[in-house]
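Here is the structure we will look at.
Protein chains: 2
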Amino acid sequence: MASVIPAFNSSMRSDRNTYVGKRFVHVKNPYLDSMDEDILYHLDLGTKTHNLPAVFGDVKFVCVGRSPNRMKAFALFMHKELGLEEAEEDIKDICAGTDRYCMYKTGPVLTISHGMGIPSISVMLHELIKLLHHAQCCDVTIIRIGTSGGIGIAPGTVVITDIAVDSFFKPRFEQVILDNIVTRSTELHKELSEELFNCSKEIPNFRTLIGHTMCTYDFYEGQGRLDGALCSFSREKKLDYLKRAYKAGVRNIEMESTVLAAMCGLCGLKAAVVCVTLLDRLDCDQINLPHDVLVEYQQWPQLLISNFITRRLGLCD
Amino acid sequence: MASVIPAFNSSMRSDRNTYVGKRFVHVKNPYLDSMDEDILYHLDLGTKTHNLPAVFGDVKFVCVGRSPNRMKAFALFMHKELGLEEAEEDIKDICAGTDRYCMYKTGPVLTISHGMGIPSISVMLHELIKLLHHAQCCDVTIIRIGTSGGIGIAPGTVVITDIAVDSFFKPRFEQVILDNIVTRSTELHKELSEELFNCSKEIPNFRTLIGHTMCTYDFYEGQGRLDGALCSFSREKKLDYLKRAYKAGVRNIEMESTVLAAMCGLCGLKAAVVCVTLLDRLDCDQINLPHDVLVEYQQWPQLLISNFITRRLGLCD
Numbered sequence: 001m002a003s004v005i006p007a008f009n010s011s012m013r014s015d016r017n018t019y020v021g022k023r024f025v026h027v028k029n030p031y032l033d034s035m036d037e038d039i040l041y042h043l044d045l046g047t048k049t050h051n052l053p054a055v056f057g058d059v060k061f062v063c064v065g066r067s068p069n070r071m072k073a074f075a076l077f078m079h080k081e082l083g084l085e086e087a088e089e090d091i092k093d094i095c096a097g098t099d100r101y102c103m104y105k106t107g108p109v110l111t112i113s114h115g116m117g118i119p120s121i122s123v124m125l126h127e128l129i130k131l132l133h134h135a136q137c138c139d140v141t142i143i144r145i146g147t148s149g150g151i152g153i154a155p156g157t158v159v160i161t162d163i164a165v166d167s168f169f170k171p172r173f174e175q176v177i178l179d180n181i182v183t184r185s186t187e188l189h190k191e192l193s194e195e196l197f198n199c200s201k202e203i204p205n206f207r208t209l210i211g212h213t214m215c216t217y218d219f220y221e222g223q224g225r226l227d228g229a230l231c232s233f234s235r236e237k238k239l240d241y242l243k244r245a246y247k248a249g250v251r252n253i254e255m256e257s258t259v260l261a262a263m264c265g266l267c268g269l270k271a272a273v274v275c276v277t278l279l280d281r282l283d284c285d286q287i288n289l290p291h292d293v294l295v296e297y298q299q300w301p302q303l304l305i306s307n308f309i310t311r312r313l314g315l316c317d
Numbered sequence: 001m002a003s004v005i006p007a008f009n010s011s012m013r014s015d016r017n018t019y020v021g022k023r024f025v026h027v028k029n030p031y032l033d034s035m036d037e038d039i040l041y042h043l044d045l046g047t048k049t050h051n052l053p054a055v056f057g058d059v060k061f062v063c064v065g066r067s068p069n070r071m072k073a074f075a076l077f078m079h080k081e082l083g084l085e086e087a088e089e090d091i092k093d094i095c096a097g098t099d100r101y102c103m104y105k106t107g108p109v110l111t112i113s114h115g116m117g118i119p120s121i122s123v124m125l126h127e128l129i130k131l132l133h134h135a136q137c138c139d140v141t142i143i144r145i146g147t148s149g150g151i152g153i154a155p156g157t158v159v160i161t162d163i164a165v166d167s168f169f170k171p172r173f174e175q176v177i178l179d180n181i182v183t184r185s186t187e188l189h190k191e192l193s194e195e196l197f198n199c200s201k202e203i204p205n206f207r208t209l210i211g212h213t214m215c216t217y218d219f220y221e222g223q224g225r226l227d228g229a230l231c232s233f234s235r236e237k238k239l240d241y242l243k244r245a246y247k248a249g250v251r252n253i254e255m256e257s258t259v260l261a262a263m264c265g266l267c268g269l270k271a272a273v274v275c276v277t278l279l280d281r282l283d284c285d286q287i288n289l290p291h292d293v294l295v296e297y298q299q300w301p302q303l304l305i306s307n308f309i310t311r312r313l314g315l316c317d
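Taken in order, these protein sequences are the chains called A and B.
Quick note on UniProt numbering: the first sequence kicks off at 1 and runs consecutively.
Quick note on UniProt numbering: the second sequence kicks off at 1 and runs consecutively.
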């Protein structure tokens, strides 16, 4: 679709943006602005070493996912879809000084890898939100794209999360602060999810639905798998648990959505989670898809997000 | 030290091993051995696609750490210290088919990266323990080497963990299994810690101590930092919390030790955690060491473990 579209430029961006008014990304930390310097240690960036507003000020979309390779592939794909003039070789890892996360920028789209699990994405989100704040970004949408285990739905289905729930099917994220537990809401942005769902209808053969996503701290015992190094429950107990999850509205399971929903909700980022399912957990535990099918499935969320972004920017027919 | 030592060979290994009797790595999962195939998905290995006993059967030491680059550097360092004949270029990433973890093998030493946080290391540990079980490994010692924030001790001090504690200073790891919470012990192997401590005394200018390590789910709010995107507590509350941690015996804070202690304890791996501190959290929150100092500090745990392994193998004077 991008081949017929001229290079992205900022006037086009502001004219065609569907947001009304500016909504800045905000930190909720009274200490931050009084700091002489803010070192974003895990991103290898900082307020004294980098001109953050110049580099990141125009960011409108942040796409995050677990794998560095997959996120690089997505950044290159977006670059092509946006029809940007810059050569592909110039899309370099902005966090090349560290191997914790990788980051690419193509026009208004920032792509970052976040590793596996709540703690890993949480460190990245703290520093990303500070980065967007220091760069004075506004009207930012953040979307996690990834893979997941499905419950009661065909592998290859894309689940757009309405609410992220914990292992007890509760819509909450429990954050330990000093030695207190604070409970935060995990609702994702309703209109954004619906917009994504509508977008998906335009893509041929795209299986998608809106549902709850369960977020666990563990891939094996925490997700009721019978194939970990440790397993203390029966097949019946596993199935009972997954069926109860299904009844509670859960359609897929992954490991990052609750904290993403909680933190972005607090800091003024409209957030969505879009994950393809690789297996139906009511049928099996092991992921044994042929490589080409796995690669194809992984591309569905990327395709949807690229479609969404090009539409938002008015680059689609 | 390795320059005067002949190439490592298996007869030397078994003769000089200080263990008495064989202690196999065991899984605690009645379903596993009845599986036709076990795909270690996140390691890109499997029982049908790889001859695990042939490749991994002689593993005696597993060294794990957060960063792929740092673990590769450690593997190359160990290769040199063990005086192995194989060319350095032949030390290849065994998990090259995935970018989740990296893995290198040099003689009886397996080196693996585990990413950031409990969920990320837990997925790796499940698959590593299954790998060691399938490969029929015995008498395996596992050591996590890494960096951490210190409490009340000079930056650059290496802390050998006796007990990993949670954010409430309790020696426990809470594992969610289906929708139950199971509490597991987080004590590390006492004699191994002491052996490591004794080893450290042989290294000039090595600052080390044995103490409790606090393991959190988060780098910012969960560790009482005032410089995250979110901060809802005062400097006084932060200091009060960290001082209470110190009083409870905590000397450093990281994000993986409780689950490592819990899982390895259950599966028959002798485990240790050896982390250097990069800052004193009673003084500051941001890591702003000059690059060369940071690199030097990161090398201390590596140096200790290489010293320990070469001693164990009888390769030291």
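Heads up, the beta-carbon is just placed ideally off N, CA and C, and yes, glycines get one too.
| request: Check the Cβ of R100/A against every Cβ in chain B and list those closer than 9 Å, keeping chain order. | output: Residues of chain B passing the Cβ test: R66, S67, G115 and M116.
Note to self: Does C215/A come out as helix, strand or coil in the three-state DSSP assignment?
What the structure shows: Reduced to three states, the DSSP call for C215/A is strand.
Check: For chain B, is any of its Cβ atoms less than 9 Å away from the one on V273/A?
Finding: Not one chain B Cβ lies under 9 Å of V273/A.
Own chain residues within Cβ distance below 6 Å of D93/A, not counting five before or after | Cβ-Cβ distances below 6 Å link D93/A to C102 in the same chain, with the five nearest sequence neighbours on each side left out; the list follows chain order.
*asked:* Residues in the same chain with beta-carbon distance under 8 Å from A229/B, minus the five sequence neighbours each way, listed in chain order, please.
replied: Sequence-distant Cβ neighbours of A229/B in its own chain, meaning closer than 8 Å and more than five residues away, are Y220.
Between E296/B and chain A, is any beta-carbon pair separated by less than 9 Å?
Chain A has no Cβ within less than 9 Å of the Cβ of E296/B.
Here's the rule: buried if 16 or more other CB atoms are within 10 angstroms of the residue's CB, otherwise exposed. What is S67/B? Of the residues assessed, S67/B falls on the buried side of the cut-off, its CB having 16 or more other CB atoms within 10 angstroms.
Handout entry: For R66/A, three-class secondary structure by DSSP
Key = Assigned with DSSP and collapsed to three states, R66/A falls in coil, not helix or strand.
Subject >> Continuous alpha helix (DSSP H) stretch holding F197/B: start and end >> reply: Residue range K190 to S200 is occupied by the alpha helix (DSSP H) that includes F197/B.
If I follow the unbroken beta strand (DSSP E) through A164/A, where does it start and stop? Looking at the DSSP string, the run of the beta strand (DSSP E) that includes A164/A is V158 to V165.
With F173/B as the anchor, note down where its beta strand (DSSP E) starts and where it stops. First-last of the beta strand (DSSP E) with F173/B: R172 to I177.
With 16 other CB atoms within 10 Å as the buried threshold, where does K238/A fall? Per the 10 Å Cβ criterion, buried.
| Applying the criterion that 16 or more other CB atoms from any shown protein chain within 10 Å of the CB defines a buried residue, is I118/A buried or exposed? | The residue is buried, with at least 16 neighbouring Cβ atoms inside 10 Å.
query: At least one CB of chain A closer than 9 Å to the CB of M103/B: is that the case?
result: It does not; no Cβ of chain A falls within 9 Å.
| message | Please list, in chain order, the chain A residues whose beta carbon lies closer than 7 Å to that of A54/B. | response | The premise fails here: A54/B is roughly 21 Å from chain A at the closest Cβ pair, so nothing lies under 7 Å.
>> Taking the beta strand (DSSP E) that Y104/B belongs to, which residues open and close that run?
In response: Element bounds for Y104/B: M103 to T106.
Practice task
Figure out for me which residue from V176/B, E202/B and T157/B has the closest Cα to the Cα of D166/A.
Solution key: Of the candidates V176/B, E202/B and T157/B, the one whose C-alpha sits nearest the C-alpha of D166/A is V176/B.
Inset, instruction - Pick out whichever of F169/A, G97/A, T213/A and L40/A has its Cα sitting closest to the Cα of L132/A. - result: Minimum Cα distance to L132/A is reached at L40/A.
Per the DSSP calculation, G146/A is bridged to which residue(s)? Per DSSP, C275/A.
Can the beta-carbon of C267/B be found less than 9 Å from the beta-carbon of V25/B?
Taking 9 Å as the Cβ cut-off, C267/B and V25/B qualify as a contacting pair.
Hey, T157/A and G146/A are a contact pair by Cβ (cut 8 Å); roughly how many whole angstroms apart? Not quite, the Cβ-Cβ distance comes to about 14 Å (not below 8 Å), so this is no contact.
Item checked: Pair within 9 Å by beta-carbon distance, A271/A and I142/A -> In this structure, I142/A lies closer than 9 Å to A271/A by Cβ.
- Query: Using the beta-carbon count (16 or more within 10 Å), is E195/B buried or exposed?
  - Reply: Buried: at least 16 other Cβ atoms inside 10 Å.
Note to self: Excluding the 5 residues flanking L226/A on each side, which residues of the same chain have their C-beta closer than 7 Å to its C-beta?
What the structure shows: Within the same chain, and ignoring the five residues on either side of L226/A in sequence, the residues whose Cβ sits closer than 7 Å to its Cβ are R235, K238 and D285.
| query | At least one CB of chain B closer than 9 Å to the CB of T24/A: is that the case? | reply | Reading off the sequence, residue 24/A comes out as Phe, not Thr. Not closer than 9 Å to any Cβ of chain B, the Cβ of F24/A fails to qualify, so no.
- Message: Counting C-beta neighbours from all protein chains within 10 Å, is the total for N198/B 16 or more, i.e. buried, or is it exposed?
- Response: Flag for N198/B reads exposed.
Worksheet item: Is it true that the region 74-88 of chain B meets the region 32-52 of chain B, where meeting means three or more beta-carbon pairs spaced less than 8 Å apart?
Response: The answer is no - the region 32-52 of chain B does not touch the region 74-88 of chain B, with fewer than three Cβ pairs under 8 Å.
Can you list, in chain order, the residues of its chain with a C-beta nearer than 6 Å to that of R144/B? Leave out the 5 residues immediately preceding and following it. Taking C-beta separations shorter than 6 Å and ignoring five residues to either side along the sequence, the partners of R144/B in its chain run V64, L260 and V273, following chain order.
Check your understanding: According to the Cβ coordinates, are S200/A and L304/A closer than 9 Å?
Key -> Taking 9 Å as the Cβ cut-off, S200/A and L304/A qualify as a contacting pair.
* Compare the C-alpha of F56/A against each of Y297/A, I129/A, D33/A and L242/A and name the closest. => Nearest of Y297/A, I129/A, D33/A and L242/A to F56/A, Cα basis: I129/A.
**Asked** For T161/A versus C275/A, is the C-beta distance shorter than 9 Å?
**Response** With a cutoff of 9 Å on beta-carbon distance, T161/A and C275/A are scored as near each other.
Quick one: which chain A residues come within Cβ less than 9 Å of E88/B?
What E88/B touches in chain A: nothing, since even the nearest Cβ is about 20 Å away.
Original post:
Any idea what DSSP makes of L315/B, helix, strand or coil?
Top reply: In the three-state reduction of the DSSP assignment, L315/B falls in the coil class, being assigned neither a helical nor a strand state.
* Asked: Listed in chain order, which residues of the region 140-160 of chain B have Cβ atoms closer than 8 Å to some Cβ of chain A?
  -> Taking 8 Å as the Cβ-Cβ cut-off, the region 140-160 of chain B has no residue approaching chain A.
Fill in: Closer than 9 Å at the beta carbon, the chain A residues around Y241/B
Correct list: L178 and D179.
### For D139/B, the three-state DSSP class (helix, strand or coil)
In the structure shown, D139/B sits in coil (DSSP, three-state: anything other than H, G, I, E or B).
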